[in-house]
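Heads up: the sequence shown begins at -10 in the working numbering, then just goes up one per residue.
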Amino acid sequence: QLFFAAVTLVPYTLLTEDVAALQPAPLAVVMLITVGIVHTGIAYLLYFSGMTGAGAVASSLLSYIDPLTAVILSALILKEHTSLLGWLGALLILGSTAAVEIAEMKKK
């Protein structure tokens, strides 16, 4: 997905922007490389290697919990304001995750 996004955006950027005028600061380049390798590459490697042992249901449930975790952590750690509607959405995600897990346990 990330590869195809890059393949799509690089030609678009080259055609629509004056790339020769860009003068990235050395710190910005280091930060970009860090985000690319650590926060994207290693994070995806750990995420997908962890999914190999999980079944289809567990994998899909974890993919729903991932953005929920981001919302909760942003509210708790970064002190971002989350609306009542946001918390209701989080509750619905947790509730549906619990319902699926309970249904799977009853099948066994």
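Glycine included, each C-beta is placed from N, C-alpha and C at the ideal position.
Would you mind stating whether residue i and residue j have Cβ atoms separated by less than 9 Å?
i, j, result
"A79", "V60", "yes"
"L83", "L62", "no"
"G(-4)", "T2", "Correcting the residue identity first, residue -4 is Val in this sequence and not Gly. The answer is no: Cβ separation not under 9 Å."
"L67", "T29", "no"
"V46", "V(-1)", "no"
"L4", "P13", "no"
Buried or exposed: where does residue i fall if 16 or more other Cβ atoms within 10 Å of its Cβ makes it buried?
i, result
"L50", "buried"
According to DSSP, simplified to helix, strand and coil, what is residue i?
i, result
"E90", "helix"
"G42", "coil"
"L(-9)", "helix"
"K95", "helix"
"L11", "coil"
How far does the alpha helix (DSSP H) with residue i in it reach, from first residue to last?
i, result
"L21", "P15 to T23"
* **Uninterrupted alpha helix (DSSP H) stretches inside the stretch 27 to 83 (no shorter than 4 residues)** => 32 to 40 and 45 to 65
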